[in-house]
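A.B. asks: If you read the sequence shown in the working numbering, its first letter stands for residue 286, the second for the next number, and so on. Handing you a structure now.
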Amino acid sequence: MYFVGIDWADTKHDILVMSGDGRELDNFTIQHSQDGFETLETKLLKHDDNPENFCCLIETKHGLLTQYLLENNFTVYSVNPKLVDARRKASGAKTDFIDAKILANMGRSELHDLHKLEPDSEHIQELKVLTRDQDALIQESTRLTNRLISTLKEYYPVALELFSKITLPISLAFLRKYPTPKQARKASRDDIYKFLKKQNHPNPLSKANEIFTKLQRRNLEGNRAICSAKSKFLFTILDQLEPLLEHIKEYDREIEKLFKSHSDSKLFESLPGAGKRIAPRLLAEWGDDRSRYADASVVQALAGTSPVLHQSGKMRIVKRRHSCIKPFRNALHQFALQTARWVPWARDYYLRKRKEGKQHHEAARALANIWVRILYAMWLNKEPYNENKFLKAREKHAA
Numbered sequence: 286m287y288f289v290g291i292d293w294a295d296t297k298h299d300i301l302v303m304s305g306d307g308r309e310l311d312n313f314t315i316q317h318s319q320d321g322f323e324t325l326e327t328k329l330l331k332h333d334d335n336p337e338n339f340c341c342l343i344e345t346k347h348g349l350l351t352q353y354l355l356e357n358n359f360t361v362y363s364v365n366p367k368l369v370d371a372r373r374k375a376s377g378a379k380t381d382f383i384d385a386k387i388l389a390n391m392g393r394s395e396l397h398d399l400h401k402l403e404p405d406s407e408h409i410q411e412l413k414v415l416t417r418d419q420d421a422l423i424q425e426s427t428r429l430t431n432r433l434i435s436t437l438k439e440y441y442p443v444a445l446e447l448f449s450k451i452t453l454p455i456s457l458a459f460l461r462k463y464p465t466p467k468q469a470r471k472a473s474r475d476d477i478y479k480f481l482k483k484q485n486h487p488n489p490l491s492k493a494n495e496i497f498t499k500l501q502r503r504n505l506e507g508n509r510a511i512c513s514a515k516s517k518f519l520f521t522i523l524d525q526l527e528p529l530l531e532h533i534k535e536y537d538r539e540i541e542k543l544f545k546s547h548s549d550s551k552l553f554e555s556l557p558g559a560g561k562r563i564a565p566r567l568l569a570e571w572g573d574d575r576s577r578y579a580d581a582s583v584v585q586a587l588a589g590t591s592p593v594l595h596q597s598g599k600m601r602i603v604k605r606r607h608s609c610i611k612p613f614r615n616a617l618h619q620f621a622l623q624t625a626r627w628v629p630w631a632r633d634y635y636l637r638k639r640k641e642g643k644q645h646h647e648a649a650r651a652l653a654n655i656w657v658r659i660l661y662a663m664w665l666n667k668e669p670y671n672e673n674k675f676l677k678a679r680e681k682h683a684a
């Protein structure tokens with residue numbers, strides 16, 4: 286077993302690695318960054334390739350470093366900073382890495398008295414991986430969709446007008462059947478009607494007339510050479526985009542099944558505007574360990590909704606918090622934007638922030654910060670969202 290003392294600070298962390306018999310094996314400093322965390326992991330695994338053989342001692346049970354260690358299967362114990370202060374004063378030592386050494390020694394001799402931090406439950410781990418992987422697929426589909434739109438604008442712009450959304454299965458199928466303007470223009474009303482009926486369009490007759498009329502107009506289009514070349518590129522895009530969209534739907538089904546089987550799903554389902562995509566992401570990133578967060582401010586910092594104050598002399602600058610869990614921040618940001626559309630008090634708050642001079646994303650982040658406090662109380666007490674209760678509490682607080 287290896288004991289890793291981590292002297293935690295805002296911008297850097299001193300690390301000391303100790304063997305079970307008290308030998309100091311390594312000491313180094315890492316930056317508080319993704320690169321720094323990965324450096325720590327790499328250096329530790331040079332001693333032993335099994336992360337479970339390390340006991341990491343740190344003076345906080347929150348934060349991105351703690352989260353990183355837990356997610357990568359290291360065992361983490363939190364230590365009260367006052368205990369470390371007392372040991373340092375008693376020793377009188379002033380050497381480098383003294384706090385990290387004290388922490389490592391406490392792991393060797395007092396591990397049974399320390400608080401072991403628990404990683405996410407398997408249920409949450411699986412949900413988190415699924416939602417994050419789906420986000421990666423959605424980003425890729427967005428990239429391909431933008432490429433598709435750009436390609437059609439170059440030689441076949443009328444295709445973008447035929448259906449409400451270019452990525453609808455029926456729209457992609459139409460492009461496969463009629464990949465050039467000339468081929469589409471040659472299609473009769475009856476040809477288009479039969480195509481739509483085969484695709485189970487709810488109103489194939491009127492839609493066929495609409496599409497036929499648009500195709501017969503004098504539309505902009507590429508010449509024969511450009512259409513021939515670009516139609517080949519079109520098929521290349523479709524060959525990637527169509528299966529990707531199907532995989533995203535499969536993820537939707539799997540995520541919904543896993544989400545609904547969790548006891549906390551009703552809490553997140555009760556959130557207005559969360560829907561089938563945002564609610565599972567909020568649960569996955571928030572987790573289900575009620576002992577993890579001391580209060581809502583911890584969640585606000587982890588999710589990046591609370592700002593950071595930079596002060597130098599008389600100058601005070603409030604900036605966006607960059608060190609945070611990005612998927613958590615994104616889920617809350619999307620949720621806040623949805624509530625700004627559908628929830629009256631949230632819309633009023635967002636608009637007030639805009640009138641104060643906040644940019645769109647700043648106002649959304651401020652709204653997300655409010656929602657974290659609401660969510661924390663809901664989650665802690667296992668109570669679904671109750672807007673009347675929230676509004677009454679807000680009125681009472683304002684009074």
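The beta-carbon is built from N, C-alpha and C at its ideal position, and this holds for glycine as well.
Which same chain residues end up closer than 6 Å to L567 when comparing Cβ atoms and leaving out the 5 residues on each side of it in sequence?
C.D. replies: Numbered from 1 along the sequence shown, position 282 holds the residue referred to as residue 567. Excluding sequence neighbours, L567 sits near F553, A616.
A.B. asks: Quick check on this structure: which residue in W664, R658, A625, V657 has the alpha carbon closest to the alpha carbon of H645?
C.D. replies: Within the sequence shown, the letter at position 360 stands for residue 645. Selected option, being the one with the closest Cα: A625.
A.B. asks: Within the same chain, show all residues whose beta-carbon is closer than 8 Å to that of E439, passing over the 5 residues directly before and after it, in chain order.
C.D. replies: The count along the sequence shown starts at 1 and reaches residue 439 at position 154. So the list reads G507, I511, K515, once near-sequence residues are dropped.
A.B. asks: Between K367, H347, R502, G290, which lies nearest to R577 when the distance is taken from Cα to Cα?
C.D. replies: The residue you call residue 577 lines up with position 292 of the sequence shown. Selected option, being the one with the closest Cα: H347.
A.B. asks: Give me the residue from V584, N654, P612 with the minimum Cα distance to L665.
C.D. replies: Numbered from 1 along the sequence shown, position 380 holds the residue referred to as residue 665. Of V584, N654, P612, the residue nearest in Cα terms is V584.
A.B. asks: What would DSSP say about P669, mapped onto helix, strand or coil?
C.D. replies: One-based indexing of the sequence shown puts residue 669 at position 384. Coil.
A.B. asks: Between the region 490 to 500 and the region 381 to 399, do three or more beta carbon pairs fall short of 8 Å?
C.D. replies: With a cut-off of 8 Å, the region 381 to 399 and the region 490 to 500 do not count as touching, because too few Cβ pairs lie within range.
A.B. asks: Out of S376, H486, H400, A371, which one is the CA nearest neighbour of I343?
C.D. replies: Reading the sequence shown from its first residue, position 58 is the one you call residue 343. The shortest C-alpha separation from I343 is found at H400.
A.B. asks: May I ask which residues mark the beginning and end of the alpha helix (DSSP H) holding V289?
C.D. replies: Your numbering for residue 289 matches position 4 in the sequence shown. Run containing V289: none in the alpha helix (DSSP H); it sits in the beta strand (DSSP E), 287 to 292.
A.B. asks: Helix or strand or just coil, what does DSSP make of T314?
C.D. replies: Counted from its first residue, the sequence shown places residue 314 at position 29. Strand.
A.B. asks: Is E309 helix, strand or coil by DSSP?
C.D. replies: Reading the sequence shown from its first residue, position 24 is the one you call residue 309. It is a strand residue.
A.B. asks: By DSSP, does V360 sit in helix, in strand, or in coil?
C.D. replies: Counted from its first residue, the sequence shown places residue 360 at position 75. According to the sequence shown, residue 360 is Thr rather than Val. It is a strand residue.
A.B. asks: Is V628 helix, strand or coil by DSSP?
C.D. replies: Within the sequence shown, numbered from 1, the residue matching residue 628 stands at position 343. Note: V628 maps to coil in three-state DSSP.
A.B. asks: For Y635 and I610, what's the separation of their Cα atoms in angstroms?
C.D. replies: Position 350 of the sequence shown, counted from the first residue, corresponds to residue 635. Position 325 of the sequence shown, counted from the first residue, corresponds to residue 610. Roughly 23 Å separates the two Cα atoms.
A.B. asks: Measuring only between beta-carbons, confirm whether Q525 sits less than 9 Å from chain B.
C.D. replies: Of the protein chains in the structure, only one exists, and it is not chain B.
A.B. asks: Alpha carbon to alpha carbon, how far is Q484 from F518? Give it in angstroms, no decimals.
C.D. replies: Within the sequence shown, the letter at position 233 stands for residue 518. Within the sequence shown, the letter at position 199 stands for residue 484. About 24 Å.
A.B. asks: Can you give the Cα-Cα distance for K667 and R575, rounded to whole angstroms?
C.D. replies: If you number the sequence shown from 1, residue 667 lands on position 382. If you number the sequence shown from 1, residue 575 lands on position 290. Cα to Cα, K667 sits roughly 10 Å from R575.
A.B. asks: Rounded to whole angstroms, what is the Cα-Cα separation between P366 and T345?
C.D. replies: Against the sequence shown, residue 366 aligns to sequence position 81. Against the sequence shown, residue 345 aligns to sequence position 60. Their backbone Cα atoms lie some 8 Å apart in a straight line.
A.B. asks: Under the DSSP definition of a beta bridge, which residues are partnered with C341?
C.D. replies: Here residue 341 is taken as the residue at index 56 of the sequence shown, counted from 1. BP columns for C341 point to V289, V361.
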